[in-house]
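Colleague: Quick note: our numbering has the sequence shown finishing at residue 308, numbered continuously throughout.
Every residue gets a Cβ at the ideal spot worked out from N, C-alpha and C, and that includes glycine.
If you scroll down you'll find the structure; I have some questions about it.
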Amino acid sequence: MPNPLSIKAILQMASAQLHTAEAALEAQLLLQSALNVNRAWLIAHENEVLAADIHQTFKALFKRRLAGEPIAYILGYREFYGLHLQVTPNTLIPRPDTETLVDAALAKVLDSANLSVLDLGTGTGAIALAIAKHRPNANVVGLDASPAALNVAKNNAASLAISNVQFVLSDWFNALADERFDLIVSNPPYIEQNDAHLSQGDLRFEPISALASGADGLDDIRHIVEHCLIYLKPQAWLMLEHGYQQAAAVAALMAQVGLVDIQTCKDLAGNNRVTMAKNPLIVSSHWG
Ligand code: GLN
């Protein structure tokens, strides 16, 4: 029988074996999950010996991470914009880059009015839920073509007790009738289908339908831009996340359909990440 090890020793061994950028943190998160405790508990008890059954549970989780599975799928959750979100292999893992999109959206959605917001390809519901949580007077609709992803989004809304959001099965705009929105946001798939990154790291485990979009990565963005005017109220904004080299192409597509006031925002790493533009139409209350 090997000597039972302390929590600290197990964490040290595990993080030395993981060749990931955040090895120490990941080892802690996996052990917290096996023990069902928070980080403070883990640190306070680091000199204690780990029970054999918990050690086995930890080893099973650790083996999955060693095989490359994303930490968010192993843990079953990811923090996004201060929200604790369930994630499954049916959903893209929310990324910090996408918080840039939420910031830009919140800057447009003032809470004084009952504005309507549409999130296309909502996945875990991350963007829709972050907007709904911070703008309780807004009505948010999240659409996704994947029933499995929609279930995750609905579970997230329920467990976060966010009620000003609805999730609806829809292939992009297909399920919408004649509704129009004050803001349309999306983090669509935008990676080139032959991009080598798709067969590396976490991306190997994520739904390809949430990542890749045709030869230039812009198929879905083209579709959204080409159809958005039917669903935007006068003066309403379309806001899209995109790849760091796609800002000019996205802006050109937006200009082509007649959207105006085109602007791009950078993410925290300083990359162009979100481009937005406005429906120029002005509602006129009277004629002549
Ligand atoms: N930003 C993600 C990545 O490059 C891609 C997400 C997406 O296609 N929307 O890993």
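(1) Around the Cβ of residue 129, are there at least 16 other Cβ atoms within 10 angstroms (buried) or fewer (exposed)?
(2) Could you tell me if the beta carbon of residue 217 falls within a distance shorter than 8 Å of some heavy atom in the ligand GLN?
(3) Let's see if you can read the secondary structure: which residues bound the alpha helix (DSSP H) around residue 57?
(4) Buried or exposed: which applies to residue 209, given that a residue is buried once 16 or more other Cβ atoms fall within 10 Å of its Cβ?
(5) Within 10 angstroms of its Cβ, does residue 240 collect 16 or more other Cβ (buried), or is it exposed?
(6) Between which two residues does the alpha helix (DSSP H) containing residue 240 stretch?
(7) Who pairs with residue 297 in a beta bridge, going by DSSP?
(8) Residue 119 lies in the alpha helix (DSSP H); which residues open and close that run?
(9) Assuming residue 46 contacts residue 225 under a Cβ cut-off of 8 Å, what Cβ separation, rounded to an integer in Å, is found between them?
(10) Of all the options 189, 246 and 198, which has the alpha carbon lying nearest to the alpha carbon of residue 277?
(11) For the ligand GLN, which residues count as neighbours when the test is a C-beta closer than 7 Å to any heavy atom?
(12) Looking only at its own chain, which residues have a Cβ that is under 7 Å from the Cβ of residue 91, when we skip the five neighbours before and after it?
(13) In the DSSP assignment, find the alpha helix (DSSP H) that holds residue 37 and state where it starts and stops.
(14) Report the partner residues of residue 280 according to the DSSP bridge assignment.
(15) With distance defined between alpha-carbon atoms, name the residue in 82, 270 and 251 nearest to residue 198.
(16) Would the beta-carbon of residue 121 fall within 9 Å of that of residue 242?
(17) Locate the beta strand (DSSP E) running through residue 107, then write down its first and last residues.
(18) Please name the residue in 168, 177 and 285 whose C-alpha comes closest to that of residue 230.
(19) So, helix, strand or coil for residue 101, using DSSP?
(20) Out of 205, 64 and 196, which one is the CA nearest neighbour of residue 125?
(21) Whole angstroms is fine: what's the gap from residue 263's alpha carbon to residue 232's?
(22) How should residue 155 be labelled, buried or exposed, when 16 other C-beta atoms within 10 angstroms of its C-beta is the threshold for buried?
(23) Return the first residue and the last residue of the alpha helix (DSSP H) that residue 170 is part of.
Modeller: To lay it out plainly:
(1) Stepping through the sequence shown from its first residue, residue 129 is reached at position 109. With 16 or more Cβ atoms within 10 Å of its Cβ, residue 129 is classed as buried.
(2) Residue numbering aside, residue 217 sits at position 197 when the sequence shown is read from its first letter. At least one heavy atom of the ligand GLN is nearer than 8 Å to the Cβ of residue 217, so yes.
(3) Counted from its first residue, the sequence shown places residue 57 at position 37. Premise fails: residue 57 is in no alpha helix (DSSP H) and is neither H nor E.
(4) Translated into the one-based positions of the sequence shown, residue 209 becomes position 189. So residue 209 ends up on the buried side.
(5) The count along the sequence shown starts at 1 and reaches residue 240 at position 220. It is buried - the Cβ of residue 240 has at least 16 other Cβ atoms within 10 Å.
(6) As a first step, residue 240 must be located in the sequence shown, where it is residue number 220. Per DSSP, residue 240 belongs to the alpha helix (DSSP H) from 239-247.
(7) On the sequence shown, position 277 is the one that residue 297 refers to. Answer by DSSP bridge pairing, in chain order: 258.
(8) The sequence position of residue 119 within the sequence shown is 99, counting from 1. Counting along the chain, the alpha helix (DSSP H) containing residue 119 begins and ends at 117-128.
(9) Taking the first residue of the sequence shown as position 1, residue 46 is located at position 26. Taking the first residue of the sequence shown as position 1, residue 225 is located at position 205. So it is not a contact: roughly 15 Å between Cβ atoms.
(10) On the sequence shown, residue 277 is found 257 positions in, with the first residue counted as 1. Closest by alpha carbon: 246.
(11) 112, 115, 117, 207, 208, 209, 210, 211, 217, 223, 230, 231, 261 and 263
(12) Within the sequence shown, numbered from 1, the residue matching residue 91 stands at position 71. Result list for residue 91: 46, 49 and 85, in chain order.
(13) If you number the sequence shown from 1, residue 37 lands on position 17. 27-37 is the span of the alpha helix (DSSP H), which, as asked, contains residue 37.
(14) Mapped onto the sequence shown, residue 280 falls at position 260. According to DSSP, which records beta bridges pairwise, residue 280 is partnered with 298.
(15) To locate residue 198, count along the sequence shown from 1; it is residue 178. Comparing Cα-Cα distances from residue 198 to each of 82, 270 and 251, the minimum goes to 251.
(16) Sequence index remark: in the sequence shown, residue 121 carries index 101 (1-based). Sequence index remark: in the sequence shown, residue 242 carries index 222 (1-based). Going by C-beta atoms, residue 121 is not nearer than 9 Å to residue 242.
(17) By one-based count along the sequence shown, residue 107 stands at place 87. Run containing residue 107: none; DSSP gives neither H nor E here.
(18) Here residue 230 refers to the residue found at position 210 of the sequence shown. The shortest C-alpha separation from residue 230 is found at 168.
(19) On the sequence shown, position 81 is the one that residue 101 refers to. Coil.
(20) By 1-based counting over the sequence shown, the position of residue 125 is 105. The candidate whose alpha carbon is nearest that of residue 125 is 205.
(21) Locating residue 263 in the sequence shown gives position 243, where the first residue counts as 1. Locating residue 232 in the sequence shown gives position 212, where the first residue counts as 1. Answer to the nearest angstrom: the Cα atoms are 11 Å apart.
(22) Taking the first residue of the sequence shown as 1, we reach residue 155 at position 135. Buried is the call here.
(23) Here residue 170 corresponds to residue number 150 of the sequence shown, with the count starting at 1. It spans 167-179 - the alpha helix (DSSP H) in which residue 170 sits, taken as one unbroken run.
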